[in-house]
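For any residue, its number in this note's numbering is found by taking its place in the sequence shown, counting from 1, and adding 100. Cβ coordinates follow ideal geometry from the N, Cα and C atoms, glycine included. Take a look at the structure below.
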Amino acid sequence: MMRVKTFLVIFLVLALGGCNSNTVTNNYIEDKKLDATIIVSSLKTGEEFIINKERSNQRYLPASAFKIPNTLIVLQEEIIKDENDIIRWDGIDKGLFEWNQDQSLKTALPSSCVWFYQELAKKVGIEKYSEYLNKISYGNKKVGARVDSFWLEGDIRISAKEQIDFLKKVYHKEYDFDEDNYQILNDLMIEEKNAEYILRGKTGWAQRVDPQIGWYVGYIETDKDTWFFACNLDIRQNSDAGYRKELVFKYLRELKIIKEL
Numbered sequence: 101m102m103r104v105k106t107f108l109v110i111f112l113v114l115a116l117g118g119c120n121s122n123t124v125t126n127n128y129i130e131d132k133k134l135d136a137t138i139i140v141s142s143l144k145t146g147e148e149f150i151i152n153k154e155r156s157n158q159r160y161l162p163a164s165a166f167k168i169p170n171t172l173i174v175l176q177e178e179i180i181k182d183e184n185d186i187i188r189w190d191g192i193d194k195g196l197f198e199w200n201q202d203q204s205l206k207t208a209l210p211s212s213c214v215w216f217y218q219e220l221a222k223k224v225g226i227e228k229y230s231e232y233l234n235k236i237s238y239g240n241k242k243v244g245a246r247v248d249s250f251w252l253e254g255d256i257r258i259s260a261k262e263q264i265d266f267l268k269k270v271y272h273k274e275y276d277f278d279e280d281n282y283q284i285l286n287d288l289m290i291e292e293k294n295a296e297y298i299l300r301g302k303t304g305w306a307q308r309v310d311p312q313i314g315w316y317v318g319y320i321e322t323d324k325d326t327w328f329f330a331c332n333l334d335i336r337q338n339s340d341a342g343y344r345k346e347l348v349f350k351y352l353r354e355l356k357i358i359k360e361l
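This is the structure:
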């Protein structure tokens, strides 16, 4: 009898994990009138917590969230040697102060430097990208006609659910990338490291579509488990971009994965 009760509890937790419509975070999303989804998924148990399950399966432009696979691709193709290999800035204003300088992977990934990755993309080429996207089964696997902007305004689309699946495979090193390249990516993705957790993540903002799409994807390692997360939302005004990280952290705290502030 005790085994039956235990099984029922586990079943209910897992079942409810996919339909978290009545949560503090979901209520906050509704109060702010945001159209968003969040998935938080356990490495240890596979348990998932999802806000807006329907949207979590819908595909959107990845924007700079694509820099995660792109970093592995350009390293594997030896387009760039390592995280310190520099491409010189051409002196033309790129729109942001941190972009107006020489760049390496170490600076370009955290700052989402578009021109740096565009220069690398031209050297990879459409055919090679198409080959990689099919190998790693990234979203709809479509590159489109513009090799230097397909992740910003092209045909490629990916869902939050697919982002989670992709990140887990990267974590387990299931794709055919060299060990050194995985390690470089892991180091570059670290956004926060403290006594409680290590957070690796990447934002994205597709600004050339209507509505604009914001992303925050990654994973957080605690002493108890590793949790993968993917959030996307419609950005209707620039201030909405701040919700990408805010919603993820709010949900992680609500789920007791990290402590309250």
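Span separating the alpha-carbon of residue i from that of residue j
| i | j | result |
| --- | --- | --- |
| residue 60 | residue 279 | One cannot answer for residue 60 here, as it falls past the ends of the chain, which runs 101 to 361. |
| residue 153 | residue 137 | 7 Å |
| residue 272 | residue 144 | 12 Å |
| residue 231 | residue 221 | 14 Å |
| residue 211 | residue 167 | 11 Å |
| residue 184 | residue 284 | 10 Å |
| residue 350 | residue 226 | 39 Å |
| residue 172 | residue 182 | 11 Å |
| residue 312 | residue 332 | 10 Å |
| residue 215 | residue 194 | 8 Å |
| residue 161 | residue 201 | 27 Å |
| residue 250 | residue 228 | 13 Å |
| residue 346 | residue 130 | 14 Å |
| residue 344 | residue 281 | 27 Å |
| residue 248 | residue 213 | 13 Å |
| residue 128 | residue 174 | 39 Å |
| residue 126 | residue 146 | 21 Å |
| residue 276 | residue 253 | 27 Å |
| residue 199 | residue 206 | 13 Å |
| residue 292 | residue 134 | 26 Å |
| residue 337 | residue 348 | 19 Å |
Classification of residue i by the beta-carbon crowding that lies within 10 angstroms, buried from 16 upward
| i | result |
| --- | --- |
| residue 197 | exposed |
| residue 325 | exposed |
| residue 124 | exposed |
| residue 296 | exposed |
| residue 148 | buried |
| residue 245 | exposed |
| residue 352 | buried |
| residue 164 | buried |
| residue 191 | exposed |
| residue 302 | buried |
Own chain residues within Cβ distance below 6 Å of residue i, not counting five before or after
| i | result |
| --- | --- |
| residue 242 | 255 and 256 |
| residue 264 | 139, 141, 328 and 330 |
| residue 156 | 137, 139, 150, 260 and 261 |
| residue 258 | 159, 162 and 239 |
| residue 234 | 241 |
| residue 176 | 277 and 281 |
Cutoff 7 Å; reference residue i; Cβ partners in own chain excluding five residues on either side
| i | result |
| --- | --- |
| residue 142 | 325 and 327 |
| residue 341 | 305, 314 and 335 |
| residue 179 | 220, 223 and 224 |
| residue 204 | 183, 184, 185 and 186 |
| residue 217 | 167, 170 and 208 |
| residue 269 | 275 |
Cutoff 8 Å; reference residue i; Cβ partners in own chain excluding five residues on either side
| i | result |
| --- | --- |
| residue 290 | 298, 299 and 300 |
| residue 267 | 168, 317, 318, 319, 328 and 330 |
| residue 116 | Its pLDDT being 43, under 50, residue 116 is placed unreliably by the model, and the measurement read from it follows with that caveat. There are no such residues. |
| residue 188 | 202 |
Using 8 Å as the Cβ pair cut-off and three pairs as the minimum, do the region 318-327 and the region 346-359 touch? Touching, yes.
4 or more residues per run - each alpha helix (DSSP H) lying fully within the region 287-325: none
Every unbroken beta strand (DSSP E) inside the region 123-178 [3 residues or more]: 136-142 and 148-151
Which whole runs of the alpha helix (DSSP H) in the region 210-237 are 4 residues long or more, in chain order? 214-224 and 226-235
Considering only residues of the region 248-280, which uninterrupted alpha helix (DSSP H) runs meet the minimum length of 4 residues and lie entirely inside it, listed in chain order? 250-253 and 260-271
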